[in-house]
Amino acid sequence: MKRVKQNDTFDVIKAVMAVMITIIHIVSLDELGIIGTYIFPILRIAVPLFFMISSYLFFSRINMLKTYEERKRYLCKAIRRNLQLYLLWFVILSPITLYIRGYFEKGLLIGLLTLVWNFFVGSTFIASWYIMALIIGLTVVFYLTTRFSNLVVFSIGILTYAFCVLTSNYGKLAIMTTFHDLLLYWTPYNSFTAGIIWIIAGKIFAENKNAFYFGIKKQKIIISGMVLLLYLEQILIVRLNSSHTTDFYFMLVPLCLSLFALLLNTNLHNSRAKQLRAFSTVTYCLHASFAKIPSLFFLMLGLSNDTFLISLVKWIMTIIVCACITLLIIKLEKFKFFQWMKLLH
């Protein structure tokens with residue numbers, strides 16, 4: 032099968048997005064008051080871009096295959112590859128995960144049921160929801176678009192995404208109180224429901240690189256306008272005091288679509304693109320779980336983990352460790368005994 036040419040722009044952006052996600056999960060931005068509140072919105076472009084890059088690459092390859100059977104086989108291959116990534120990191124991080132989640136505190140059966148539920152529609156190790164959301168989302172979009180047009184599936188994606196936004200940044204509104212019991216068991220903004228819109232968008236871009244693209248000058252103006260609207264939405268959310276979590280915003284849709292269209296028409300060349308690609312995956316999977324180790328250390332020293340300064344130290348330590356682990360994996364995977372490490376990124 033002919034390979035899709037890897038765009039170094041994606042590898043650079045994925046590394047940047049991975050770092051942005053580490054900031055969300057580790058740095059106590061809330062301690063900065065109003066400044067921290069207005070840092071969150073721009074950081075939230077990371078997950079949508081991750082989804083769209085993965086979807087774009089997947090459907091670009093799918094489009095090169097002639098028969099439906101070949102396409103189904105490639106879907107199965109993608110599912111298998113992502114499951115391997117998930118399960119390997121789950122095993123590696125299981126001591127931390129089991130300690131944090133306390134799955135079996137209420138008994139073996141409840142623990143196993145909760146673990147299976149979290150595996151499919153939530154997170155086991157911290158932030159793992161994205162991997163399963165990608166697996167389910169690619170499968171759903173693949174099969175839905177064999178029966179319905181991209182526009183219909185995109186419309187479905189908008190509806191599911193709207194529900195995710197309402198339960199996250201508008202979750203404290205009186206009208207949303209009926210869903211509070213649901214959120215105890217399932218958070219749609221950290222599940223496959225949050226990814227459908229971005230995955231179908233990636234498919235649309237794979238079929239038309241110039242979708243949502245209006246030329247570099249106009250595109251930059253549009254993106255600037257969308258950023259402004261995103262922050263106007265944040266002002267509204269602050270005024271309403273409606274935020275349950277900060278995961279998704281309505282204005283992320285036009286902003287991220289416009290931004291991805293620009294990225295597709297940008298060609299960056301980086302000699303360390305492969306390392307950056309590995310770093311983005313390793314960092315995403317490892318960062319939040321590893322950060323619990325220095326947290327425990329600081330607690331033993333009697334230091335609060337909630338202060339901005341301590342959280343910043345934890346973040347720096349985590350980035351350094353993630354970079355070192357990435358380089359170690361890249362070195363070791365060259366040896367026959369450690370070739371399985373390629374599956375970690």
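Just so you know, we're using my numbering here: the sequence shown kicks off at 32 and counts up by one. Note that beta-carbon positions come from the ideal geometry of N, C-alpha and C, so glycine has one too.
Straight-line gap, residue i to residue j (C-alpha atoms, nearest Å)
i, j, result
"residue 196", "residue 279", "5 Å"
"residue 98", "residue 83", "24 Å"
"residue 353", "residue 64", "28 Å"
"residue 32", "residue 96", "Bear in mind that a pLDDT of 49 at residue 32, under 50, signals an unreliable position, so the model cannot answer this."
"residue 77", "residue 302", "23 Å"
"residue 284", "residue 331", "43 Å"
"residue 214", "residue 148", "14 Å"
"residue 104", "residue 110", "10 Å"
"residue 41", "residue 257", "21 Å"
"residue 365", "residue 223", "34 Å"
"residue 176", "residue 150", "26 Å"
"residue 293", "residue 250", "7 Å"
"residue 218", "residue 137", "21 Å"
"residue 344", "residue 199", "28 Å"
"residue 369", "residue 144", "33 Å"
"residue 102", "residue 181", "17 Å"
"residue 179", "residue 333", "58 Å"
"residue 50", "residue 317", "12 Å"
"residue 264", "residue 242", "25 Å"
"residue 115", "residue 157", "17 Å"
"residue 189", "residue 183", "10 Å"
"residue 91", "residue 139", "44 Å"
"residue 170", "residue 210", "27 Å"
"residue 206", "residue 346", "37 Å"
"residue 46", "residue 60", "21 Å"
"residue 299", "residue 108", "29 Å"
"residue 132", "residue 187", "33 Å"
"residue 100", "residue 146", "33 Å"
Pair within 9 Å by beta-carbon distance, residue i and residue j
i, j, result
"residue 52", "residue 220", "no"
"residue 319", "residue 93", "no"
"residue 48", "residue 71", "no"
"residue 225", "residue 56", "no"
"residue 309", "residue 39", "no"
"residue 351", "residue 375", "no"
"residue 202", "residue 273", "yes"
"residue 142", "residue 134", "yes"
"residue 204", "residue 271", "yes"
"residue 125", "residue 233", "no"
"residue 173", "residue 119", "no"
"residue 127", "residue 324", "yes"
"residue 73", "residue 113", "no"
"residue 335", "residue 329", "yes"
"residue 235", "residue 185", "yes"
Nearest candidate by alpha-carbon position, reference residue i, set the options
i, options, result
"residue 229", "47, 89, 371 and 70", "89"
"residue 165", "176, 152, 177 and 156", "152"
"residue 281", "351, 66, 75 and 60", "75"
"residue 44", "141, 306 and 340", "306"
"residue 313", "73, 117 and 111", "117"
"residue 326", "178, 212, 58 and 240", "58"
"residue 244", "295, 367, 194 and 213", "295"
"residue 378", "133, 42, 291 and 231", "With the chain covering only 32 through 376, there is no way to say anything about residue 378."
"residue 54", "369, 139, 341 and 363", "341"
"residue 356", "334, 311 and 336", "311"
"residue 66", "269, 363 and 344", "269"
"residue 159", "122, 138, 172 and 137", "122"
"residue 240", "367, 297 and 127", "297"
"residue 287", "60, 46 and 79", "79"
"residue 87", "367, 291, 299 and 132", "291"
Cβ-Cβ separation, residue j to residue i (assumed contact under 8 Å), whole Å
i, j, result
"residue 276", "residue 227", "Their Cβ separation, rounded to whole angstroms, is 19 Å, which puts residue 276 and residue 227 out of contact at 8 Å."
"residue 349", "residue 62", "So it is not a contact: roughly 17 Å between Cβ atoms."
"residue 289", "residue 254", "5 Å"
"residue 363", "residue 372", "6 Å"
"residue 69", "residue 262", "7 Å"
Element boundaries [alpha helix (DSSP H), containing residue i]
i, result
"residue 265", "247 to 271"
"residue 303", "Taken as a continuous stretch (DSSP letters only), residue 303 belongs to no alpha helix (DSSP H), as it is neither H nor E."
"residue 83", "77 to 93"
"residue 326", "323 to 331"
"residue 174", "160 to 175"
"residue 101", "99 to 132"
"residue 278", "Looking at the DSSP string, residue 278 is not in any alpha helix (DSSP H), and its letter there is neither H nor E."
"residue 186", "181 to 199"
"residue 375", "Neither: residue 375 is in no alpha helix (DSSP H) and is coded neither H nor E."
"residue 342", "339 to 363"
"residue 212", "211 to 214"
Residue i beta carbon near the ligand FMN (any heavy atom closer than 8 Å)
i, result
"residue 107", "Within the structure as shown, the ligand FMN is missing, as the structure has no ligands at all."
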